[in-house]
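Take 20 as the starting number for the sequence shown in our numbering and just add one per residue.
C-beta atoms are modelled at their ideal positions from N, C-alpha and C, and glycine is treated no differently.
What follows is a short report on a single structure.
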Amino acid sequence: MEWKLEQLFENDEAAIENARVQLEEVKRIAREIERENAPERLAKLIRDFEEHMDEFAKSIQYAWMRYSIDTESAESQKVLGVIQQLASQVHEQDAIVEVKLAALDDSALEEVIKFDDNYEHLIRRIIERRKHLLSKDAEQVLALTSVSRRDGIAKIHSRLESSYTFELEVDGEKKVLTVEEIKALRRSTNSDLRKRAMRVFFERFKEDSIVMTEVYNLVVKDYDTESRLRRFPKPISMMNFANEVSDEVVDRLIAVTNEKTEILRKYYDWKSKMLGEKLTLADVYAPISNKKREFTFEEARDIILESYYAFDEKAGSVVEGFFKEERIDLYPRKGKVSGAYCIYSTTKLPPYVLTNFTNNMYDVMTLAHELGHGLHGMLSRKQTFFNHDTPLTLAELASVFGEFLVFDNLKRKLSKEEKMALIASKIEDIFATTFRQNMFTNFEIRAHELISKNGYAGWDELSGIYHEELERVFGNVVEIPEWYNHEWSSIPHIYETPFYVYAYNFAQCLVIALYQKYLEEGKAFVGKYLQLLESGGRYSPEELLEKVGIDVSKEGFWENAFEFVDGLVEELIGMGNEQ
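This is the structure:
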């Protein structure tokens, strides 16, 4: 199953031509908005402006999809480069419109809301952003240069990584593996193979240490410079503001996660005894059973659809549409980006999912995760373009919730040994999105501080910080091989979107609270949940979550999530003790 890009545009030229046409319309309307002051007319112009932004985003979605499945192709690089360059001009016009609206007094903006309340949240955010906006000229410069600043620089990292192949002996046979195929060996039942695979993987990044270090320093400097220009108290504050969450809430999430590492250590101490060996970091995803359960694509599809249909008929139908319409690019291949994602850049096109499926249980959960994003993207298409997307703190909500649906369904189908393996895999997945992402966040905070203070951080310095953060999480329960200190250089988000990663931890803890409400309320919860997804980003995260009875600032909120995780660990240890 592979994407059919002709479902979006007939060819590259059509995608580029659409982008050029929409850019001219965006420019024309932006000029009108600059000259206009009448609230009723402004409301109409904003709607027209948004419509052409949405149409332009179709070309963006096409270009990223084209590039993702063939990063080594000159044609895919060209179309992405051309459309990104045009996008920088669209961002310039968007900045002009935002500066214009921010210059109006509050009473004028309230009048705009009266004429079109669809934009209430958008305009209130503009009012909040006033203190962080620069002059019109400065905003235009930042928008126009975005393609050659950190966004463009970070592409060097993704291009390098996606070009990597690895020679490794597997079961007595020399194989050439992609990034995703070698990372999948972390879940091999062969202890020696796991360690060899991870050593080869991370040492490949070290070979490019000069490039990796220079690119990271440039990304950090660019991001931190912008955060200072916009008068944020600290670099992470710029991301917090974009996520519509306070520094205090994020700081508390980070602190609580740091405090709860004993849960992780208890689990890995038990797992070491189960496997009968001292674990290294290469073994943290090792299966606890030598009976490796594999799933065909058809089995994975059926389990996922059954899970979503059991939750809600409409949700199941939406998810099934991805399979029927072949909006999934499934298997790994050379030149395809690593990892998995769901893209919905526009309301004019349906979402599409990319994975690197290698038939293990983890891949079933990954596919369920991305299809959760797809459900969110499909339901939020009822909103207009400016309102269909959410901040990162809510962006992972539907995906993680979908994983829980599939997890609970799958548990009922397995033998005791397989069930234990599934629970162990789920625990490790939760650790990956909480403790691991929090570790990345701690690393980023320290790396940004060091680069800001000294003007530069070398490979060894960054690897040293990362080693200390590994020790903070794992203590002496898991052995840390020297080559694992280079793992930071393989983390795409810290290059592409600084401080993105805490959103995974935020979402995991948030979804645990949501899922517990679903288990308590049953079908009465379903309607409220789907309405939450349909709302997209039309309201603030606080307002959206209030509709389902969630308050992340409440005392003990984050602690409650980790109590749930601890309960899963205790359940698994109890099952192990019964054997």
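Notebook entry, point to check: Three or more C-beta pairs closer than 8 Å, one from the stretch 344-354 and one from the stretch 437-445: is that the case here?
Noted result: no
Next item on the list: Would you check if there are 3 or more beta carbon pairs closer than 8 Å linking the stretch 401-410 to the stretch 539-558?
Entry: Enough Cβ pairs lie closer than 8 Å, so yes.
Check: What alpha helix (DSSP H) runs, 4 residues minimum, are completely inside the stretch 215-263?
Finding: 228-248, 254-261
Check: What residues in its chain sit with their C-beta under 8 Å from that of Trp83, if we drop five residues either side in the sequence?
Finding: Leu99, Ile362, Ser364
Notebook entry, point to check: Hey, quick one: how far does the alpha helix (DSSP H) through Glu539 stretch, first residue to last?
Noted result: 521-540
Notebook entry, point to check: Do the stretch 260-272 and the stretch 466-485 make contact, defined as three or more Cβ pairs closer than 8 Å?
Noted result: no
Check: What span of residues does the alpha helix (DSSP H) with Phe405 cover, start to end?
Finding: 404-407
Notebook entry, point to check: In angstroms, rounded to a whole number, what distance separates the CA positions of Gly396 and Asp170?
Noted result: Taking the straight line joining both Cα atoms gives about 24 Å.
Item checked: Test item: CB-CB of Pro560 and Glu263 under 9 Å -> Yes.
Checklist line | Lys174 - containing alpha helix (DSSP H), residue span | finding: 169-182
Next item on the list: Decide if the stretch 224-239 is in contact with the stretch 504-513; the criterion is three or more beta carbon pairs, one per stretch, under 8 Å apart.
Entry: yes
Check: Any idea if Glu21 is buried or exposed, counting beta-carbon neighbours within 10 angstroms, 16 or more meaning buried?
Finding: Its Cβ having fewer than 16 others within 10 Å, Glu21 is exposed.
Check: How would you call Pro252, buried or exposed, if buried means at least 16 neighbouring beta carbons within 10 angstroms?
Finding: exposed
Check: Can you give, in chain order, each stretch of the alpha helix (DSSP H) that sits fully within the stretch 471-513 and has at least 4 residues?
Finding: 478-493
Checklist line | Distance, Val492 Cα to Lys194 Cα | finding: 34 Å
Next item on the list: With a threshold of 16 other CB atoms inside 10 Å of the CB of Thr208, please say whether the residue is buried or exposed.
Entry: exposed
Next item on the list: Could you spell out the range, first to last residue, of the beta strand (DSSP E) harbouring Val372?
Entry: 371-373
Notebook entry, point to check: Should Val419 be counted as a contact of the ligand GDP given a C-beta to heavy atom distance under 8 Å?
Noted result: Looking for the ligand GDP in the displayed structure turns up nothing, as the structure carries no ligands at all.
Item checked: Residue range of the unbroken alpha helix (DSSP H) whose run includes Ile102 -> 93-122
Check: For the putative contact between Phe68 and Val45, defined by C-beta atoms under 8 Å, what is the C-beta separation to the nearest angstrom?
Finding: 7 Å
Next item on the list: Have a look at Thr184 and Thr377 and give me their C-alpha separation to the nearest angstrom.
Entry: 16 Å
Check: Where Tyr287 and Phe423 are concerned, what is the direct C-alpha to C-alpha distance, given to the nearest angstrom?
Finding: Tyr287 and Phe423: Cα-Cα distance of roughly 22 Å.
Notebook entry, point to check: Quick one: what's got a C-beta closer than 6 Å to Lys214's C-beta in the same chain, skipping five residues either side?
Noted result: Closer than 6 Å at Cβ, skipping near neighbours: Ala301.
Item checked: Environment of Asp136 [buried if 16+ CB atoms lie within 10 Å] -> exposed
Check: Going by other Cβ atoms of all chains shown within 10 Å of its Cβ, with 16 needed for buried, is Gly421 buried or exposed?
Finding: buried
Check: Under the rule that 16 or more other beta-carbon atoms within 10 Å means buried, what is Asn457, buried or exposed?
Finding: Of the other Cβ atoms in all chains shown, 16 or more fall within 10 Å of the Cβ of Asn457; this residue is therefore buried.
Check: When we look at the beta-carbon of Ala387 and count the other beta-carbons within 10 Å, is it buried (16 or more) or exposed?
Finding: buried
Check: So Val195 is in the beta strand (DSSP E); what residue range does that whole segment cover?
Finding: 192-196
Check: Which of the three DSSP states, helix, strand or coil, is assigned to Ile186?
Finding: One detail in the question is off: residue 186 reads as Glu in this sequence, not Ile. Three-state result, Glu186: strand.
Margin query: Residues in the same chain with beta-carbon distance under 8 Å from Gln550, minus the five sequence neighbours each way, listed in chain order, please.
Written below: Lys566
Notebook entry, point to check: Among all the DSSP beta bridges, which residues are the ones paired with Tyr360?
Noted result: Leu373
Next item on the list: Could you check the C-alpha separation between Ala414 and Gly391 for me, to the nearest Å?
Entry: Approximately 10 Å, taken between the alpha carbons.
Next item on the list: Go ahead and label Thr453 buried or exposed: buried means 16 or more other beta carbons lie within 10 angstroms of its beta carbon, across all protein chains shown.
Entry: buried
Check: Taking three-plus beta-carbon pairs below 8 Å as touching, is the stretch 115-126 in contact with the stretch 152-162?
Finding: As far as the Cβ criterion goes, the stretch 115-126 touches the stretch 152-162, which means the pair count is three or higher.
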